[in-house]
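Participant:
Residue numbers (UniProt numbering): 1 to 235.
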């Protein structure tokens, strides 16, 4: 029986030398070099992370998202969290629902089924408007919902988008669009999953350091990160 042969990646000539000088053993530096690591500082951060998480307000539009959600809570407006059907989307929905509920928000969740397609739809928005919701907060979707965002505006629904997917040339018209992959976003870490973005939003709403919420929400963020096959680096 024939088995596929292992294909060994070749590293840059000086990579192993740099890693050796950084104190990495033979096997470790071969693995790291083959994966493209040739910077001692980056390797140190990978192997010995300090646990620091960046300020959520470094994310573009985070202040606008927080202001609108807090207004809805104070004025007792009904809020709907519009998630996604995959593990990351469900985890993000659970994180934000728990956070908003703990702050006294009138909040419900909407998770589409696979047969209905991905993300916001006109039909769903019309249904939410008929049910009296005034604020829709997306998690793990919405960055490409240009037409749907326009529909929400027509229906009188305020829309806050939180997502982690790559935007197109045009952003949806919304109260806030929070996505680390926005071209004008200045947050330092771009590889958050949808649950990670929701987690950062919760820290901003709570007005605390993100690390203070890890015990409550960290497992959900980890689920979303692994299930969405995000790079296990940085934050």
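A virtual CB, placed ideally from N, CA and C, is assigned to each residue, including glycine.
#1: Is the stretch 138 to 148 touching the stretch 42 to 60, taking contact as three or more C-beta pairs under 8 Å?
#2: Taking the alpha helix (DSSP H) that residue 113 falls in, what are its first and last residues?
#3: In three-state DSSP terms, what is residue 68?
#4: If we ignore side chains and look at the alpha-carbon of each, how far apart do residue 149 and residue 119 end up?
#5: Indicate the three-state DSSP secondary structure (helix, strand or coil) for residue 177 in the structure shown.
#6: Could you check whether the stretch 90 to 101 touches the stretch 147 to 161, counting it as contact only if at least three pairs of C-beta atoms, one from each stretch, sit closer than 8 Å?
#7: Specify, as a first and last residue, the run of the beta strand (DSSP E) that residue 88 falls within.
#8: What are the start and end residues of the alpha helix (DSSP H) that includes residue 226?
#9: Could you check the C-alpha separation between residue 204 and residue 3 for me, to the nearest Å?
#10: What does the alpha-carbon distance come out to for the pair residue 63 and residue 57?
#11: Between 117, 227, 181, which has its C-alpha nearest residue 169's C-alpha?
#12: So if DSSP puts residue 10 in a beta bridge, which residue, or which two residues, is it bridged to?
#13: Alpha carbon to alpha carbon, what distance is there between residue 133 and residue 76?
#14: If you draw a straight line from the alpha carbon of residue 189 to that of residue 122, how long is it in whole angstroms?
#15: When you compare the CB positions of residue 114 and residue 85, do they come within less than 8 Å of one another, or not?
Facilitator: So, from the data block:
#1: Segments in contact, no.
#2: As a working mapping, residue 113 is identified with position 113 in the chain shown. Here residue 113 belongs to no alpha helix (DSSP H), and DSSP marks it neither H nor E.
#3: Within the chain shown, numbered from 1, the residue matching residue 68 stands at position 68. Residue state, collapsed to three classes: helix.
#4: Reading the chain shown from its first residue, position 149 is the one you call residue 149. Reading the chain shown from its first residue, position 119 is the one you call residue 119. Their Cα atoms are separated by approximately 11 Å.
#5: Indexing the chain shown from 1 puts residue 177 at position 177. When DSSP states are grouped into helix, strand and coil, residue 177 belongs to the strand group.
#6: Below 8 Å, too few C-beta pairs join the stretch 90 to 101 and the stretch 147 to 161 to call them touching: fewer than three.
#7: Taking the chain shown and counting its residues from 1, one reaches residue 88 at position 88. First-last for residue 88: 87 to 102, but that is the alpha helix (DSSP H), not the beta strand (DSSP E).
#8: Residue mapping note: residue 226 aligns to position 226 of the chain shown, counting from 1. It spans 214 to 227 - the alpha helix (DSSP H) in which residue 226 sits, taken as one unbroken run.
#9: Here residue 204 is taken as the residue at index 204 of the chain shown, counted from 1. Here residue 3 is taken as the residue at index 3 of the chain shown, counted from 1. Whole-angstrom Cα-Cα distance: 51 Å.
#10: Looking up residue 63 in the chain shown gives position 63. Looking up residue 57 in the chain shown gives position 57. Spanning the two alpha carbons is a distance of roughly 6 Å.
#11: Walking along the chain shown from the start, residue 169 turns up at place 169. Here the closest residue by C-alpha is 181.
#12: Residue mapping note: residue 10 aligns to position 10 of the chain shown, counting from 1. Beta-bridge analysis with DSSP links residue 10 to no other residue.
#13: Translated into the one-based positions of the chain shown, residue 76 becomes position 76. Translated into the one-based positions of the chain shown, residue 133 becomes position 133. Those two C-alpha atoms are separated by around 11 Å.
#14: On the chain shown, residue 189 is found 189 positions in, with the first residue counted as 1. On the chain shown, residue 122 is found 122 positions in, with the first residue counted as 1. Approximately 32 Å, taken between the alpha carbons.
#15: Taking the first residue of the chain shown as position 1, residue 114 is located at position 114. Taking the first residue of the chain shown as position 1, residue 85 is located at position 85. Yes. Within cutoff.
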